[in-house]
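Before any comments, here is the structure.
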Amino acid sequence: MPLEPNATMHLGPELERRAQASATIGLDLTVELRVADDPRIGIALTDGSIRFGALAEPDASFVFDSRETAAAILYEEGDFITAFMEAFMAGKVRSDGNLPFTFTLLSLFRPGLHLPTPD
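Here it is, written out as structure tokens:
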């Protein structure tokens, strides 16, 4: 079920609820998500576990223009790869750091989906 955006709801709790630890097997990465006026979301991925919290220096950062854009890419139903590419080309999302990590990020919040990070 998609997140219903409103002025008091933040994306972090929804992402924590949807996080799939099985998507982190073999990983040791940190990522920071920034969405509109939400607090920054730090995510540490360590071989089968996910920890949310503050990060000193993330391996990659993703910046979304809105909660709606982030939700469409991270966990809503539909073609998320197309949603990511369209948002990226329109300047609604950008990445600083490890861009191939995008594929891993996309699989963190979708049950049964495992997209390995390309070499």
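Heads up, the working numbering is the position in the sequence shown plus 40, with the first residue counted as 1. Backbone N, C-alpha and C fix where the C-beta goes; we use that ideal spot for every residue, glycine too.
The region 67-124 is shown to contain whole beta strand (DSSP E) runs of 3 or more residues at 68-75, 81-86, 89-92, 100-104, in chain order. Apart from sequence neighbours up to five positions away, the residues of its chain that approach A84 with a beta-carbon distance below 6 Å are T70, R91, ordered along the chain. Assignment of beta-bridge partners to R134 by DSSP yields V103. Judged by their CB atoms, S62 and A100 are not nearer to each other than the 8 Å cut-off.
For G93 against G82, the beta-carbon gap comes to about 5 Å, under 8 Å, which counts as contact.
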